[in-house]
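Asks: Can you read through this structure? Questions will come right after.
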Amino acid sequence: MSTCRLHPRGPSPDPALLDRCRALPTSILSDSMERTGGVCGVHPVPGGRWHRVAGPALTVRTRPGDNLVVHRALDLAAPGDVLVVDAGGTLDRAVLGEIMARYAAARGLAALVVDGAVRDVEGLAAGPLPVCARGVNHLGPYKVGPGEIGGPVHAGGTVVRSGDVVVADADGVVVVPRERLAEVVAAGEQQLRAEEAVFADIAAGTLDRSWVLAALTEVPVGEQARP
């Protein structure tokens, strides 16, 4: 019998802040964290019907190619959780597929994020639950263990802790540290208002682009010398 290390559940984020997160694109949220927090290389499965989601992370670390503890995490997950699976970033075996995604949706999870491979892409894309992964492989997983649930994990270059807020949309996944949530949301809303003002200037033909030339020194190349 394999070991599953089980950590205490992380703190629950303020529901009002989560609602405000869902109104902010991942690009704006990562910009509001000095362009950090991205789960790089992990993208929505092809063909999915996407809507932005935000929820507290339930973290899983599993031996690459094995999903026994992922199954256990689905049983322990609470409605609204985003399951974040650290499968070592390997792509030789899928650790999640359509059956698990359907079960996760029935349990009320918000999304599945896998730093590893998934399979059953057509079924995942047609399902109600957003799924992001590093890659796809039809080869199935082992179910041996060991693993860890609720501890800090590494996904796409970012450390994710249970209770951090995970936001996913068609661009990918960003992780907001739980202690920075209010700060990042406020900064993101300010940036969103600034970008909406830029859109208005573009539409009106009044956008100031002088900053581009101010940041460059142009050196002409290939012009013939004049006598």
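The numbering of the sequence shown is this note's numbering, which starts it at 29 and goes up by one. Yeah, the Cβ is synthetic: ideal placement off N, Cα and C, and Gly gets one too.
1) Is arginine 206 closer than 8 Å to glycine 38 when the C-beta atoms are compared?
2) Residue range of the beta strand (DSSP E) that cysteine 49 falls in?
3) Taking only the alpha-carbon atoms, compute the straight-line gap between glycine 76 and isoleucine 230 and give it to the nearest angstrom.
4) Do you know offhand how far threonine 118's Cα is from alanine 44's?
5) Assuming leucine 96 contacts valine 141 under a Cβ cut-off of 8 Å, what Cβ separation, rounded to an integer in Å, is found between them?
6) Using the Cα positions of serine 55 and arginine 121, report the straight-line distance between them to the nearest angstrom.
7) Where do the N-terminal and C-terminal ends of the alpha helix (DSSP H) with aspartate 103 fall, by residue?
8) Could you pull the start and end residues of the alpha helix (DSSP H) that arginine 221 belongs to?
9) Cutting at 6 Å between CB atoms, please list the residues of its own chain near glycine 66, excluding the five before and the five after it.
10) Would you identify the three-state DSSP class for leucine 140, choosing helix, strand or coil?
11) Mapping DSSP to helix, strand and coil, what is threonine 90?
12) Within the region 107–169, note down every full alpha helix (DSSP H) run reaching 4 residues or more, in order along the chain.
13) In whole angstroms, what is the alpha-carbon distance linking arginine 221 and aspartate 197?
14) Quickly, what does DSSP pair arginine 33 with across the bridge? List them, please.
15) Buried or exposed: which applies to glycine 144, given that a residue is buried once 16 or more other Cβ atoms fall within 10 Å of its Cβ?
16) If we ignore side chains and look at the alpha-carbon of each, how far apart do valine 164 and glutamate 176 end up?
Replies: On the basis of the supplied data:
1) Start at 1 with the first residue of the sequence shown, and residue 38 comes out as number 10. Start at 1 with the first residue of the sequence shown, and residue 206 comes out as number 178. Contact: yes.
2) For the purposes of this step, residue 49 is taken as the residue at position 21 of the sequence shown. It is not in any beta strand (DSSP E) - cysteine 49 instead sits in the alpha helix (DSSP H) that spans 43–50.
3) The residue labelled residue 76 in the question sits at position 48 within the sequence shown. The residue labelled residue 230 in the question sits at position 202 within the sequence shown. So the two alpha carbons sit approximately 31 Å from each other.
4) Looking up residue 118 in the sequence shown gives position 90. Looking up residue 44 in the sequence shown gives position 16. Taking the straight line joining both Cα atoms gives about 36 Å.
5) Indexing the sequence shown from 1 puts residue 96 at position 68. Indexing the sequence shown from 1 puts residue 141 at position 113. That pair is no contact at about 19 Å.
6) Translated into positions along the sequence shown, residue 55 becomes position 27. Translated into positions along the sequence shown, residue 121 becomes position 93. Taking the straight line joining both Cα atoms gives about 30 Å.
7) Along the sequence shown, read from residue 1 onward, the residue named residue 103 stands at position 75. Bounds of the alpha helix (DSSP H) holding aspartate 103 are 96–104.
8) Locating residue 221 in the sequence shown gives position 193, counting from the first residue. Where arginine 221 is concerned, the enclosing alpha helix (DSSP H) stretches over 209–232.
9) Numbered from its first residue, the sequence shown carries residue 66 at position 38. If we look at glycine 66 and ignore the five residues flanking it on each side, its Cβ neighbours are Ser58 and Val202.
10) The residue labelled residue 140 in the question sits at position 112 within the sequence shown. In this structure, leucine 140 counts as strand in the three-state DSSP scheme.
11) Translated into the one-based positions of the sequence shown, residue 90 becomes position 62. Judged by DSSP in its simplified three-state form, threonine 90 adopts strand.
12) 126–134 and 149–154
13) For the purposes of this step, residue 221 is taken as residue 193 along the sequence shown, with counting starting at 1. For the purposes of this step, residue 197 is taken as residue 169 along the sequence shown, with counting starting at 1. Distance between the alpha carbons of arginine 221 and aspartate 197 is about 19 Å.
14) Counting from one through the sequence shown, the residue named residue 33 turns up at place 5. Partner(s): Glu176.
15) Within the sequence shown, numbered from 1, the residue matching residue 144 stands at position 116. Per the 10 Å Cβ criterion, buried.
16) Taking the first residue of the sequence shown as 1, we reach residue 164 at position 136. Taking the first residue of the sequence shown as 1, we reach residue 176 at position 148. Each residue's alpha carbon lies about 23 Å from the other.
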